[in-house]
Amino acid sequence: MLKSLPETAAEEMCVVSACLQELFRKTRGFSKTSVGDFEEGLAKDLLMAGKRLECRGSPKANRKAWHGSSLTYAHSIAAATVVTGKLRKQAAKIVCYVFDATSGLTELTVDWVMGHPFALPVFASATGTTSKKFRNERNIGNSSDRRIGKTDAARIVATLRSGKLLAKREIMAGMESAIEGIVRDRIGKVINEDFVRRALDEAGIPYLRDAPGADAIEGILGASRADFAIPAAAAPKAFIEVRKSGMNHASMFANDLSMTVIDRISRHPECVSILLFDGAWSGPAKEKLERAFDHVFHVLESDRAAATIKRHLAGEDMRKAGRLYLTSR
């Protein structure tokens, strides 16, 4: 049985993240490499992709091009490039399998659809839309690439039988948006948070990670889970939020995130708040978040964040002066 795109992404992203952590250690924060780092394999692929470089043919030539590039190494671009390539290959396998098994989507049955939920993105793309829109428009919101119920399967079959479907090549092209979305979500939750996890582990700092069922940090107005609550969500001594953002969408959540932070520290004034970011941030959004958080670091500065927390836990006040609170103090 073929694996779904999200399942494939989860596995591939974990492998890539482990390699990036090792490269970060070996290359002193992606700054100094050896010829051996550019031998064939995942490490070479990640190093080259992180500077948007094509393979030059030999490890020595690759290393020379890498150090000669004026671009700053971008670990998130490296991970996205490598994992996207893996997902495109998996998507091609899924499309070919579905077409072979259903005679080009002309012999679909309810039972077959129920037994192959990983094909959901193919069904959506065949109609010229995304999986999310497909589920909403066809009222199959309970379906996913993990499970498709009988009623939803019947609606999918009826939809594909009644409409004009795209060709295999067009379906593959249409699945690009699904692949991009999956990779974007995994970069933040797996790759970036692994830099934080490693730094906290090496510093011996206990923490609670955000996960379904994890406890939330109580604020004055509400409760919310942090990416890392230290040592726990109840009476936290510190918390970390990890965000990846582009210039256009940073400002959209800057207000909400700032209010969440202020709400938490108003309830827990002894707690130190830290933001670790990756990606391009607009000036106003970043300034707003810098006012709300005690400290703001890049994800690759996770060691500095861990050191700051360790000093705070040891009794040194690492909160900044002039903090914003919901109530006067």
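When you line the sequence shown up against the working numbering, it's residues 926 to 1254, in that order.
Where a beta carbon is used, it is the ideal one built from N, C-alpha and C, also for glycine.
Note that the coordinates shown come from a computational prediction; the quantities given were computed from them, not determined experimentally.
Other residues of its chain near residue i: CB distance less than 8 Å, five sequence neighbours each side excluded
{"i": "Thr1009", "result": "Ile1104, Glu1105 and Val1108"}
{"i": "Val1082", "result": "Leu1033, Thr1034, Val1035 and Val1038"}
{"i": "Ser942", "result": "Ala1004, Val1115, Ile1116 and Asp1119"}
{"i": "Gln1015", "result": "Leu927, Lys928, Leu930 and Thr933"}
{"i": "Leu996", "result": "Lys976 and Arg977"}
{"i": "Ile1130", "result": "Ile1155, Pro1156, Ala1231, Ile1234, Lys1235 and Leu1238"}
{"i": "Trp991", "result": "Thr958, Phe963, Leu972, Met973, Lys976 and Leu978"}
{"i": "Arg1080", "result": "Arg1063, Asn1064 and Ile1065"}
{"i": "Ile1145", "result": "Asp1188, Ser1191, Arg1192, Leu1251 and Thr1252"}
{"i": "Gly961", "result": "Pro984"}
CB contact flag (residue i, residue j, <9 Å)
{"i": "Asp1070", "j": "Leu1090", "result": "no"}
{"i": "Gly982", "j": "Tyr998", "result": "no"}
{"i": "Ala1148", "j": "Ile1142", "result": "yes"}
{"i": "Phe955", "j": "Phe963", "result": "no"}
{"i": "Val1020", "j": "His1041", "result": "no"}
{"i": "Ser946", "j": "Arg1123", "result": "Here the sequence assigns Gln to residue 946, which means Ser is not the residue at that position. Against a cut-off of 9 Å, the Cβ pair of Arg1123 and Gln946 comes out as a contact."}
Residue i Cβ short of 8 Å to the ligand NAP heavy atom set
{"i": "Lys969", "result": "Only the bare structure without any ligand can be found here, which leaves the ligand NAP out of the picture."}
Nearest neighbour of residue i, chosen from the options [CA to CA]
{"i": "Lys989", "options": "Thr933, Ile1002 and Leu972", "result": "Leu972"}
{"i": "Lys1213", "options": "Ala1158, Asp1242 and Ala1179", "result": "Ala1179"}
{"i": "Ala1159", "options": "Ala1124, Phe1024 and Cys1196", "result": "Cys1196"}
{"i": "Asp1025", "options": "Lys1093, Ala935, Lys969 and Pro1042", "result": "Lys1093"}
{"i": "Thr1076", "options": "Arg1063, Lys1245, Lys951 and Cys944", "result": "Arg1063"}
{"i": "Phe1218", "options": "Ile1002, Glu965, Ser1191 and Lys1018", "result": "Ser1191"}
{"i": "Asp1228", "options": "Met938, Asp1126, Gly1066 and Pro984", "result": "Asp1126"}
{"i": "Thr1052", "options": "Met938, Met1100, Cys939 and Gly1240", "result": "Met1100"}
{"i": "Ala1163", "options": "Met1097, Ala1210 and Gly1240", "result": "Gly1240"}
{"i": "Arg1086", "options": "Gln946, Gly1040 and Ser1028", "result": "Ser1028"}
{"i": "Asp970", "options": "Leu1146, Gly993 and Val940", "result": "Val940"}
{"i": "Lys1245", "options": "Pro1194, Ala1210 and Pro1209", "result": "Pro1194"}
{"i": "Ala935", "options": "Asp1110, Val1047 and Leu1146", "result": "Asp1110"}
{"i": "Phe1043", "options": "Arg953, Ala1078 and Thr1031", "result": "Ala1078"}
{"i": "Ala1017", "options": "Thr1031, Ser994, Val1047 and Gly993", "result": "Val1047"}
{"i": "Leu1030", "options": "Gly1074, Gly1088, Thr1006 and Arg1072", "result": "Gly1088"}
{"i": "Pro984", "options": "Ser994, Thr952 and Glu965", "result": "Glu965"}
Backbone secondary structure at residue i - three-state DSSP
{"i": "Gly1189", "result": "Reading off the sequence, residue 1189 comes out as Arg, not Gly. Reduced to three states, the DSSP call for Arg1189 is helix."}
{"i": "Arg1254", "result": "Because the pLDDT at Arg1254 is just 47, under 50, the model does not fix this residue reliably, and the value given afterwards should be weighed accordingly. It is coil, neither helix nor strand."}
{"i": "Glu979", "result": "coil"}
{"i": "Ser1170", "result": "strand"}
{"i": "Gly961", "result": "helix"}
{"i": "Phe949", "result": "helix"}
{"i": "Ile1155", "result": "strand"}
{"i": "Gly1053", "result": "coil"}
{"i": "Leu927", "result": "coil"}
{"i": "His992", "result": "helix"}
{"i": "Glu1241", "result": "coil"}
{"i": "Leu1201", "result": "strand"}
{"i": "Ala1069", "result": "One point to set straight first is that residue 1069 is Ser, not Ala, in the sequence displayed. Coil."}
{"i": "Ala1044", "result": "helix"}
{"i": "Arg1150", "result": "coil"}
{"i": "Gly1129", "result": "coil"}
{"i": "Phe1222", "result": "strand"}
{"i": "Ile1145", "result": "coil"}
{"i": "Ala1026", "result": "helix"}
{"i": "Ala1136", "result": "coil"}
{"i": "Ala1163", "result": "strand"}
{"i": "Arg1123", "result": "helix"}
{"i": "Lys1093", "result": "helix"}
Contacting residues, own chain, Cβ-Cβ under 7 Å from residue i (five flanking each side not counted)
{"i": "Ser1102", "result": "Thr1055"}
{"i": "Cys980", "result": "Met973 and Asn987"}
{"i": "Asp1242", "result": "none"}
{"i": "Glu1215", "result": "Val1221"}
{"i": "Lys1169", "result": "Ser1001, Ile1112, Gly1113, Asn1117, Asp1203 and Gly1204"}
{"i": "Ile1165", "result": "Val1121, Ala1151, Asp1152, Phe1153, Ile1199, Leu1201 and Ala1230"}
{"i": "Arg1060", "result": "Gly1066 and Ser1068"}
{"i": "Arg1013", "result": "Ile1104"}
{"i": "Ser994", "result": "Lys976 and Leu978"}
Close Cβ partners of residue i (< 6 Å) along its chain, the five nearest in sequence each way excluded
{"i": "Leu967", "result": "Cys944"}
{"i": "Arg1254", "result": "With a pLDDT of 47 at Arg1254, under the threshold of 50, the predicted position of this residue should be treated as unreliable, and no value is reported."}
{"i": "Glu937", "result": "Val1008 and Lys1011"}
{"i": "Ser1050", "result": "Ile1096, Gly1099 and Met1100"}
{"i": "Tyr1250", "result": "Ser1191"}
{"i": "Ser1001", "result": "Ile1112 and Asp1203"}
{"i": "Gly1247", "result": "none"}
{"i": "Lys1058", "result": "none"}
Interface flag, residue i vs chain D, CB-CB below 9 Å
{"i": "Asp970", "result": "Structure shown: chain D not included; a single protein chain is present."}
State whether the segment 1124-1136 contacts the segment 1177-1189, with contact taken as three or more CB pairs (one from each stretch) at a distance under 8 Å. no
Three CB pairs or more closer than 8 Å across the segment 1218-1231 and the segment 1194-1208: yes
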